[in-house]
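Participant:
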Amino acid sequence: SSTEPLQNYMDNEYFGTISIGTPGQQFTVMFDTGSSNLWVPSVYCSSRACSNHNLFNPSESSTFVGTNESVSIAYGTGSMTGVLGYDTVTVAGIEVTNQIFGLTETEPGDFFYYCPFDGILGLAFPSIASAGATPVFDNMMTEDLVAEDLFSVYLSKDGQSGSFVLFGAIDSSYTTNGITWIPLSAETYWQITMDSVYIGDEPVACTSGCQAIVDTGTSLLVVPNSILNSLLAALGSDSSGRISCSAVSMLPDVVYYLNGNAFPVPPSAYVIESEGDCMLGFEGMDVPTESGELWILGDVFIRQYYVVFNRANNMVGLSPLS
Amino acid sequence: HISRVSLWRGKSLRQTLKEHGLLENYLKQHPYNPAAKYFSTG
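As you go down the protein sequences, you meet chains A and B in turn.
According to this note's numbering, the first sequence is numbered sequentially starting from 760.
According to this note's numbering, the second sequence is numbered sequentially starting from 1101.
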């Protein structure tokens, strides 16, 4: 069995549609570069939590092949359990045959009822896939279904329209400011080495280098707990992250240095306004790595840069969006 | 060989739970831990 922590997805807002089976059954999924498995709810799930979602029905798919292998998707105090199966997965016209995926069977909590997506499609490396399941994009490459072994992500700033995941290509209309390529430091997550982090012109963290993960499945900018309070204070916030909305225009950029290049995130991006309140879009966590601290560059960062996830040469490409 | 999936921006689970008055209870029962996503698959 294997686990995938669902509680980490409670802030995510970008969703797309895929279909599974023959004929296709549609699902709203989150495209997550921070995990590697595909899972959707299934008709095996009889709890109320599943009643508000599209459920995959294997008996209505002529191409489904079941297994007896179990999978568990954990969230906080409980976990969804399910089984693994194989079927054709269609992602924007690309048909991936014999794709392994998880079909949930039980859902012990109620909150999933309100979850805005049905399932998750992981786009990270096979080395972190639960149950050894081959990720969708690996099958796209193996089955020669993509023109190039890369995919790219654009998240629009207004968030209302225009966001996309492009499989097999780089859209040159989003790279007019050039692409900076950063080699991966690990083929697990989309993990890179970060040189340092500045607030304005002042180095504030990661001064001896650290690790960062580019993760579409994380909404905010995640920083080590040991740094969070000093970072919030440097930006004029208390420990809750709340800040005066009138001060936003005077805040400095937070600048991530990656492979010798500066990648600024302006206050208009890292301050999140909701119902008249302004909050800094940072959250803390502690995950030590062999190379020191771990930072997560989530959607707040990705909205500033068109990101190319290149499996052909294991690099992340970043192009500033104007 | 080139395929674009359009993404739309919807309401987050956090926002939906907040609107239903369930967020506080949810966070009590499920302490939020961003680190749980990483290095937890087995």
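Glycine included, each C-beta is placed from N, C-alpha and C at the ideal position.
It should be emphasised that the depicted structure is a prediction, and the values quoted were computed from it without experimental measurement.
Which chain A residues are close to G1121/B, counting only those with a beta carbon under 8 Å from its beta carbon?
Facilitator: Near G1121/B there are no residues of chain A at all, since even the closest Cβ is about 12 Å away, more than 8 Å.
Participant: Please confirm whether Y768/A and G976/A have their CB atoms less than 8 Å apart.
Facilitator: yes
Participant: If I follow the unbroken beta strand (DSSP E) through P1026/A, where does it start and stop?
Facilitator: For P1026/A, no beta strand (DSSP E) segment is defined; the enclosing uninterrupted segment is the alpha helix (DSSP H) at 1026-1029.
Participant: Give the secondary structure of I779/A by DSSP, where H, G and I count as helix, E and B as strand, and everything else as coil.
Facilitator: Here I779/A sits in strand by DSSP.
Participant: Look up S1106/B in the DSSP assignment and say whether it is helix, strand or coil.
Facilitator: Strand.
Participant: Output the distance between the C-alpha atoms of Y913/A and S1078/A, rounded to the nearest integer angstrom.
Facilitator: 10 Å
Participant: At what residues does the beta strand (DSSP E) containing N857/A begin and finish?
Facilitator: 853-865
Participant: Using the rule of at least 16 other Cβ atoms within 10 Å of the residue's Cβ for burial, across every protein chain shown, is W1054/A buried or exposed?
Facilitator: buried
Participant: State yes or no: is the beta carbon of T1116/B nearer than 8 Å to at least one beta carbon in chain A?
Facilitator: yes
Participant: So T1116/B is in the alpha helix (DSSP H); what residue range does that whole segment cover?
Facilitator: 1113-1119
Participant: Hey, does K1111/B have any beta-carbon neighbour from chain A nearer than 8 Å?
Facilitator: yes
Participant: Going by the DSSP bridge assignment, what does R1001/A pair with across the sheet?
Facilitator: M1038/A
Participant: Measuring straight from C-alpha to C-alpha, what distance separates T1141/B and S1005/A?
Facilitator: Here T1141/B scores only 46 on pLDDT, less than 50, and its place in the model should not be relied on; the value that follows carries that caveat. The alpha-carbon atoms of T1141/B and S1005/A are separated by roughly 42 Å.
Participant: Taking beta-carbon pairs under 8 Å, can you tell me which members of the stretch 1127-1139 of chain B lie near chain A?
Facilitator: Q1129, H1130, P1131, Y1132, N1133, P1134, A1135, A1136, K1137, Y1138, F1139
Participant: At a Cβ threshold of 8 Å, is M1009/A touching chain B?
Facilitator: no
Participant: Count the other CB atoms within 10 Å of the CB of G1000/A; is the residue buried (16 or more) or exposed (fewer)?
Facilitator: Under this definition G1000/A is a buried residue.
Participant: Count the other CB atoms, across all protein chains shown, that sit within 10 Å of the CB of S922/A; report buried if there are 16 or more and exposed otherwise.
Facilitator: Classification for S922/A: buried.
Participant: Would you identify the three-state DSSP class for I929/A, choosing helix, strand or coil?
Facilitator: coil
Participant: So, with DSSP's three-state summary, where would you put P962/A?
Facilitator: strand
Participant: Chain B partners of T977/A, CB-CB under 9 Å?
Facilitator: P1134, K1137
Participant: Check the DSSP bridge columns for N1020/A and list the partner residues they point to.
Facilitator: L1017/A
Participant: Could you round the C-beta distance between P983/A and D1045/A to whole angstroms and report it? I think they count as a contact, below 8 Å.
Facilitator: 6 Å
Participant: Contact between the stretch 952-964 of chain A and the stretch 1012-1019 of chain A is defined here as three or more beta-carbon pairs at a separation below 8 Å; is this criterion met?
Facilitator: Result yes; three or more Cβ-Cβ pairs closer than 8 Å.
Participant: Could you check what DSSP says for V924/A in three-state terms: helix, strand or coil?
Facilitator: strand
Participant: How close, in whole Å, do the beta carbons of L1010/A and L990/A come, if the pair is a contact with beta carbons under 8 Å?
Facilitator: Not quite, the Cβ-Cβ distance comes to about 12 Å (not below 8 Å), so this is no contact.
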